[in-house]
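> Just so we're aligned: 661 in the UniProt record's numbering is position 661 of the sequence shown, and the numbers increase by one with no gaps anywhere.
Cβ atoms here follow ideal geometry from the backbone N, Cα and C, with glycine treated the same way.
Note that the structure is predicted; figures quoted are calculated from it, not measured.
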Amino acid sequence: MRVTADSQFRSEHDGYQYYFCSESCQEKFRAAPLRYVDRPNDTSVQPSPEGTIYTCPMHPEIRQDHPGNCPKCGMTLEPMLPSLEDEENPELTDFRRRFWWTLPLTAVVFVLAMFGHRLDWIEASTQSWVEFVLSTPVVVWAGLPFFVRCVQSFVNRSPNMWTLIGLGTGAAYAYSVIATVAPGVFPEAFIAHGRVEVYFEAAAVIISLTLLGQLLELKARSQTSAAIKALLGLAPKTARRINADGTEEDVPLTHVHVGDLLRVRPGEKVPVDGVVMEGSSSLDESMITGEPIPVGKRVGDHVIGATMNATGSLVIKSEKVGSQTVLAQIVQMVAQAQRSRAPMQRMADKVAGVFVVAVVGIAALTLLAWGLFGPDPSWVYGLINAVAVLIIACPCALGLATPMSIMVASGKGASNGVLFRDAAAIENLRKVNTLIVDKTGTLTEGRPAFDRAVGVNGHSEEDVLRLAASLDQGSEHPLAATIVDAASHRKLALEKVENFESSTGIGVRGLVGGRKLALGNTALMEVEGISVRELATEADALRAQGASVMYLAVDKTLAGLLAVSDPIKATTSEALKRLREDGIRVVMATGDGVVTAKSVATRLQIDEFHGEVKPADKLALVTRFQEEGKVVAMAGDGINDAPALAKADVGVAMGTGTDVAMSSAQVTLVKGDLRGIARARELSEATIRNMKQNLGFAFVYNALGVPLAAGVLYPFTGLLLSPMIAALAMSLSSASVISNALRLRNVEI
1 MRVTADSQFR
11 SEHDGYQYYF
21 CSESCQEKFR
31 AAPLRYVDRP
41 NDTSVQPSPE
51 GTIYTCPMHP
61 EIRQDHPGNC
71 PKCGMTLEPM
81 LPSLEDEENP
91 ELTDFRRRFW
101 WTLPLTAVVF
111 VLAMFGHRLD
121 WIEASTQSWV
131 EFVLSTPVVV
141 WAGLPFFVRC
151 VQSFVNRSPN
161 MWTLIGLGTG
171 AAYAYSVIAT
181 VAPGVFPEAF
191 IAHGRVEVYF
201 EAAAVIISLT
211 LLGQLLELKA
221 RSQTSAAIKA
231 LLGLAPKTAR
241 RINADGTEED
251 VPLTHVHVGD
261 LLRVRPGEKV
271 PVDGVVMEGS
281 SSLDESMITG
291 EPIPVGKRVG
301 DHVIGATMNA
311 TGSLVIKSEK
321 VGSQTVLAQI
331 VQMVAQAQRS
341 RAPMQRMADK
351 VAGVFVVAVV
361 GIAALTLLAW
371 GLFGPDPSWV
381 YGLINAVAVL
391 IIACPCALGL
401 ATPMSIMVAS
411 GKGASNGVLF
421 RDAAAIENLR
431 KVNTLIVDKT
441 GTLTEGRPAF
451 DRAVGVNGHS
461 EEDVLRLAAS
471 LDQGSEHPLA
481 ATIVDAASHR
491 KLALEKVENF
501 ESSTGIGVRG
511 LVGGRKLALG
521 NTALMEVEGI
531 SVRELATEAD
541 ALRAQGASVM
551 YLAVDKTLAG
561 LLAVSDPIKA
571 TTSEALKRLR
581 EDGIRVVMAT
591 GDGVVTAKSV
601 ATRLQIDEFH
611 GEVKPADKLA
621 LVTRFQEEGK
631 VVAMAGDGIN
641 DAPALAKADV
651 GVAMGTGTDV
661 AMSSAQVTLV
671 KGDLRGIARA
681 RELSEATIRN
691 MKQNLGFAFV
701 YNALGVPLAA
711 GVLYPFTGLL
721 LSPMIAALAM
731 SLSSASVISN
741 ALRLRNVEI
């Protein structure tokens with residue numbers, strides 16, 4: 001059964017996260033994990049060779065744990081996730097050897113076929129035998145992989161390109177062998193230049209040209225994984241660990257565990273994701289986020305593994321290692337996107353499904369039409385033209401049209417801090433005309449600063465802050481962390497919270513010191529039946545300044561309010577300007593009060609905004625716009641945004657937000673910078689143009705090539721398409737599609 005990374009059934013073992021299709025499978029694994037896992041505690045971002053999964057570039061649904069050929073198209077399967085230790089593609093090495101060893105034989109056969117009848121020292125029948133001897137190694141040995149795939153296509157009942165090549169070259173070679181060994185079985189109409197016409201040169205040249213085309217295609221395909229290899233290469237190999245006794249040692253990255261203290265010296269890469277415990281410095285995060293400006297880091301700030309430390313020395317505490325790091329997750333997401341199928345590919349898939357059968361039928365009709373109605377030797381003309389039809393058709397050009405574009409675009413996006421979950425996200429993003437944005441962590445920094453606390457009904461400012469911080473110890477909301485930090489800096493003694501309950505989007509509840517506390521916005525107070533009238537004026541004044549206001553209630557009585565300010569990101573205004581210039585309608589939806597929402601919307605020139613919205617309200621807002629015919633994107637970073645992110649046509653998560661938000665979205669902005677949406681839309685536009693070019697080229701190529709090879713122009717021009725020319729055209733078609741896809745690497749976004 002297929003399992004995805006958003007499955008609710010998961011279990012961690014030996015530093016790895018495992019996902020399951022059902023609770024029963026999850027329990028079996030937990031009971032005896034070693035029965036199902038057989039690999040060392042490798043916490044690097046590189047997969048172990050034993051765990052490598054192989055898939056097909058054209059059919060990503062084909063997956064197996066060992067190398068082989070795709071049962072659908074016959075292409076060699078390749079690792080889903082490349083490794084820096086990978087040697088040259090063994091298929092490329094094998095084909096190169098077969099090509100160069102037999103190329104001289106092909107050249108001699110070709111020269112003999114073209115000019116042998118002009119030579120007086122060689123008899124016609126002898127020439128056929130010489131061509132037979134020279135071409136046999138080319139067809140039988142060099143072309144063996146093609147014939148094996150042809151047979152597999154019949155066994156698997158999945159006709160493909162190798163079906164056509166195998167039938168075409170096999171027919172030409174078999175006919176020529178019979179004409180050489182038993183020329184008497186043919187009528188005189190087949191005799192020319194003193195012998196029955198043979199076509200060893202056609203079979204040999206087709207094999208050599210197909211090998212050449214495969215060499216070009218394999219080299220080009222290897223470049224599509226360059227982005228992932230570049231990401232893998234970012235990870236340092238070692239880390240400097242500070243031991244419990246204060247000594248330091250360099251250890252392999254695989255030996256770093258969560259909680260280790262690591263020293264990052266000037267000019268070194270940060271080994272893993274963590275938090276700064278000592279020192280300050282500037283980090284170059286461009287390799288992860290695409291932003292060239294160094295980012296200042298001090299105690300308490302989070303750092304990303306594989307980023308480069310500039311001048312200062314840092315001591316960090318590791319928080320995420322191995323497959324949990326940002327870099328590892330980026331690699332996994334890019335690999336997943338590259339192997340997904342674009343909706344645009346469906347049309348090509350439908351055509352390819354009947355393409356090979358149709359081509360074989362056209363070849364058979366070509367043979368009969370020429371044999372029955374063509375000039376003498378009519379059946380020879382029929383055979384050659386039928387072979388040309390089989391050879392020139394290229395279903396691979398259709399099959400590779402969109403996957404190659406997706407692979408390159410996914411890598412391009414990752415290098416610019418934009419991660420696409422799948423091909424559909426790349427295709428759909430360009431259609432978006434309405435963007436709904438959350439405020440906290442999306443428009444703003446998401447790292448708010450505590451402003452003030454106000455107490456009423458006998459509660460002091462310090463008492464309000466202490467109680468609120470005690471309650472917020474159980475919350476992961478950014479505002480909660482700010483309140484807890486403020487209490488900690490004032491050295492307030494926090495109490496234990498019990499029966500903690502989070503009402504997503506409106507606030508939290510719990511018991512502190514035996515008293516029932518509720519902390520949240522006006523909506524929570526209404527649910528609790530508590531009036532906030534006596535603090536309404538002060539709350540409105542704070543909201544007008546852009547602060548977020550939370551009310552604290554103790555035992556069903558209003559105790560005070562807390563104000564937290566969350567500065568707007570420096571890049572937000574520029575991002576919104578670019579989006580508006582692209583014709584996108586921007587709507588803000590936030591759980592903060594209406595006054596606060598209005599203040600932020602006014603400063604950012606956002607015409608439509610909604611305050612005090614719950615997760616269900618955001619979901620309803622997305623649904624309403626979709627019912628109006630809008631293509632909606634939702635951008636957010638919190639748990640409360642997850643339903644709307646999942647419902648939107650394209651969900652955009654801030655990489656600085658929660659894992660739930662990122663797992664619900666189709667696009668993740670690593671840096672949490674809204675300018676990434678504009679960049680992603682430009683990449684989406686360029687990718688779709690590229691895919692249309694590839695599909696158009698493939699359709700036009702086959703639509704023109706097949707009739708031309710069948711000889712439809714012969715009555716008007718007297719010209720026929722040689723099978724050798726057809727082989728050259730077929731070989732270059734797939735390489736051309738891949739080369740066109742590689743142009744996406746140079747797109748400016």
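List the DSSP bridge partners of P79.
Y54
> Are S736 and F699 close, meaning C-beta to C-beta below 8 angstroms?
no
> How far does the alpha helix (DSSP H) with N156 in it reach, from first residue to last?
Premise fails: N156 is in no alpha helix (DSSP H) and is neither H nor E.
> Comparing C-alpha positions only, which one of A665, T55, I122 and S475 sits nearest to D422?
Distances from the CA of D422 to each of A665, T55, I122 and S475 were compared; the closest alpha carbon is that of A665.
> Give every residue of the same chain whose Cβ lies closer than 6 angstroms to the Cβ of L314, excluding the five residues on either side of it in the sequence, and list them in chain order.
V264, V276, G279 and S281
> Is the separation between the beta-carbon of V632 and that of T444 shorter than 8 angstroms?
Contact: no.
> Three or more C-beta pairs under 8 angstroms: does that hold for the segment 146-165 against the segment 708-725?
no
> For the segment 430-493, which segments carrying the alpha helix (DSSP H) assignment without a break, of at least 4 residues, lie completely within its bounds, in sequence order?
461-472 and 478-489
> Do the segment 293-311 and the segment 241-252 touch if we need at least three Cβ pairs shorter than 8 angstroms?
Of all C-beta pairs linking the segment 293-311 to the segment 241-252, fewer than three are shorter than 8 angstroms, placing the two stretches out of contact.
> Quick check: the segment 460-474 against the segment 541-552, are at least 3 beta-carbon pairs closer than 8 angstroms?
yes
> Please list, in chain order, all residues of the same chain as L558 whose beta carbon is under 8 angstroms from its beta carbon, the five residues on each side excluded.
V456, N457, M525, I530, S531, V532, E534, L535, Y551 and L552
> Closest by CA to T238, which one among I206, N746, A179 and G305?
G305
> Are E461 and A453 touching if we call contact CB-CB under 8 angstroms?
yes
> DSSP on Y173, reduced to helix/strand/coil?
helix
> What are the uninterrupted segments assigned as beta strand (DSSP E) that are 3 or more residues long and contained completely in the UniProt domain "P-type ATPase A" (234-334), given in chain order?
238-242, 248-252, 261-264, 273-278, 281-284, 295-297 and 314-320
> Does the separation of the CB atoms of G168 and I426 fall below 8 angstroms?
Cβ distance not < 8 angstroms, so G168 and I426 don't count as in contact.
> In three-state DSSP terms, what is I406?
helix
> Taking buried to mean at least 16 other C-beta atoms within 10 Å of its own C-beta, is W379 buried or exposed?
buried
> In angstroms with no decimal places, state the Cα-to-Cα distance between N740 and L211.
21 angstroms
> What do you get for F154, buried or exposed, if any count of 16 or more other CB atoms within 10 angstroms of its CB means buried?
exposed
> Please identify the residue among L103, E78 and V497 whose C-alpha is closest to the C-alpha of L92.
E78
> So if DSSP puts Q64 in a beta bridge, which residue, or which two residues, is it bridged to?
Y54
> Work out the CA separation of Y173 and L367 for me, nearest whole Å.
16 angstroms
> Would the segment 571-590 and the segment 666-678 be scored as touching if the rule is three or more Cβ pairs under 8 angstroms?
yes
> Determine the direct distance from the alpha carbon of D582 to that of L519, and round the result to whole angstroms.
Each residue's Cα considered, the two are about 40 angstroms apart.
> Let me confirm a value: I207 is counted as buried when at least 16 other C-beta atoms fall within 10 Å, else exposed. Which label applies?
buried
> Measure the alpha-carbon distance for F9 versus E23 and round it to whole angstroms.
6 angstroms
> L669 and K647 - do their beta-carbons sit closer together than 8 angstroms?
Taking 8 angstroms as the Cβ cut-off, K647 and L669 do not qualify as a contacting pair.
> Could you tell me the boundaries of the beta strand (DSSP E) in which T590 lies?
Note, T590: premise wrong, no beta strand (DSSP E); not H, not E.
> DSSP state of Y199, grouped into three classes?
coil
> Hey, how far is the Cα of V130 from the Cα of M80?
46 angstroms
> Going by other Cβ atoms of all chains shown within 10 Å of its Cβ, with 16 needed for buried, is R543 buried or exposed?
Its Cβ being crowded by 16 or more others within 10 Å, R543 is buried.
> Please go through the same chain and pick out, in chain order, the residues whose beta-carbon is closer than 7 angstroms to the beta-carbon of S502, but skip the five residues on each side of it.
Around S502: S475 and V508.
> Just tell me which of Q127, V109 and P159 has its CA closest to the CA of V205.
V109
> Among the residues of its own chain, which have a CB less than 6 angstroms from the CB of S128, if the five just before and after it don't count?
Excluding positions up to five away in sequence, the list reads T180, R195 and V198.
> Run the CB neighbour count on V45, radius 10 Å, all protein chains shown included, and call it buried at 16 or more, exposed below.
Any reading at V45 must be qualified, since the residue scores a pLDDT of 36, below 50, and its modelled position is unreliable; no value is offered.
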